[in-house]
Amino acid sequence: MRISPRTPWAAGLAVAALVLVPATASAGSQRTAAPHADAAATATTTATSVDSYYAAAEGKTGAALKTALHDIIKNQSKVTYDGVWNALKVTDQDPANPNNVILVYSGRSQSKSTNGGGANDWNREHVWAKSHGDFGTATGPGTDLHHLRPEDVTVNSTRGNKDFDMGGSPVSEAPGSFTDSDSFEPRDAVKGDVARMLLYMAVRYDGGDGFADLEMNDKVNNGTAPLFGRISLLKQWNQQDPPDAFEQRRNQVIFDTFQHNRNPFIDHPEWVNSIW
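The sequence shown maps to residues 0 to 275 in numbering that gives the first Met the number 0.
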């Protein structure tokens, strides 16, 4: 499938390109709108660039598509685990407040400077829990920004290494999220984000670069196996919560500034059903 500037995610990427302003830019300069002709040109250029990135995957489905996408996105720069702190301050910046980040499950806007280990600090949440495949914080899957997000320390601990499912008790400090003994349900606004992050990991890490072959299944309680569930539910979340401007901007920033690879399911959410 070829991206058109008229498709929702291509338009979002165009927005992403326009909002990539330095954090120190003045409020006045951020309000200055580009002429409509410039915005249209940006949309066309962005769509063409993304098309080129995925050229080797065009026309493929199923296992062939998964393999083609792996071969594309495995070409990346890597960030150290210490470097993740500063990277998240850029990738997850609050669009309304450049001094803050948005916490993924909590949805709270919090000062960038409050990262750490205290009860009300934010820390580095591995959406694909690092014990699922036992990769820890090793440079590679343990530091891949496409699945690392800021989150409140207490909420991060509550989520732990649980698989994703529906139901449970409300999570304190994460309105709309629920948990039970073996699963975690994120708030509605990021259900699709969670699904696409996990599916990125299952495509990017296939066992060929010294790490475990990460795969999806339809279970919970996967423990330390390199598996994550539940795929049937994650596919639903991908459809119910399509990529929004925040997620698209994040993908673009990771590509432009840090890892120089993309999450294909943000650019092409329809590819989820083509593979799984």
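Beta carbons are placed, not taken as given, at the ideal position from N, Cα and C, and that holds for glycine.
As the structure is a computational prediction, the values presented were derived from the model and not from experiment.
Determine which residues share a DSSP beta bridge with residue i and list them.
i	result
residue 184	177
residue 121	114, 151
residue 98	Beta-bridge pairing links residue 98 to no other residue.
residue 215	227
residue 93	96
residue 140	Answer is none; residue 140 lacks a bridge partner.
residue 163	183
residue 205	212
residue 108	101
residue 169	177
Just tell me which of the options has its CA closest to the CA of residue i.
i	options	result
residue 80	221, 123, 193, 228	123
residue 243	210, 166, 193, 204	193
residue 127	48, 199, 255	199
residue 216	229, 206, 142	229
residue 49	270, 232, 266	266
residue 275	51, 220, 64	64
residue 276	162, 107, 141	Since the displayed the chain opens at 0 and closes at 275, residue 276 lies outside it and no answer follows.
residue 219	166, 252, 188, 113	166
residue 261	62, 51, 61, 72	72
residue 52	158, 181, 259	259
residue 160	226, 212, 121	226
residue 212	56, 57, 69	69
residue 100	178, 171, 245	245
residue 302	254, 181, 197	This structure cannot speak to residue 302, because the chain is shown only from 0 to 275.
residue 264	191, 54, 256, 170	191
residue 250	269, 270, 196	196
residue 247	92, 84, 125	92
Who are the Cβ neighbours of residue i in its own chain at under 7 Å, not counting the five residues just before and after it?
i	result
residue 5	In this predicted model, residue 5 has a pLDDT of only 34, less than 50, meaning its place in the structure is not dependable; the value taken from the coordinates is given anyway. Closer than 7 Å at Cβ, skipping near neighbours: no residue.
residue 272	234
residue 135	129, 141
residue 117	152
residue 206	212
residue 270	64, 263, 264
residue 102	109, 121, 149, 150, 151
Can you tell me whether residue i is buried or exposed? The criterion is at least 16 other CB atoms within 10 Å of its CB, across all chains shown.
i	result
residue 119	exposed
residue 164	buried
residue 150	buried
residue 115	exposed
residue 98	exposed
residue 201	buried
residue 94	exposed
residue 61	exposed
residue 214	buried
residue 23	For residue 23, the predicted structure reports a pLDDT of 31, less than 50, and the residue's modelled location is therefore unreliable. A value from the coordinates is still provided. Residue 23 should be labelled exposed.
residue 56	buried
residue 187	exposed
residue 169	exposed
Which residues in the same chain as residue i place their Cβ atom closer than 8 Å to its Cβ, once the five residues preceding and following it in sequence are excluded?
i	result
residue 139	77, 204, 208, 209, 210
residue 223	130, 131, 132, 133
residue 96	108
If we cut at 8 Å on Cβ distances, does residue i have a partner in chain D?
i	result
residue 239	No chain D is present in this structure, which holds just one protein chain.
Using a Cβ-Cβ cutoff of less than 6 Å, which residues in the same chain neighbour residue i once the five nearest sequence positions on both sides are dropped?
i	result
residue 173	104, 105, 154
residue 59	67
residue 185	104, 176, 193
residue 87	149
residue 158	183
Quick check: the segment 233-244 against the segment 141-149, are there 3 or more CB pairs under 8 Å? No contact exists between the segment 233-244 and the segment 141-149.
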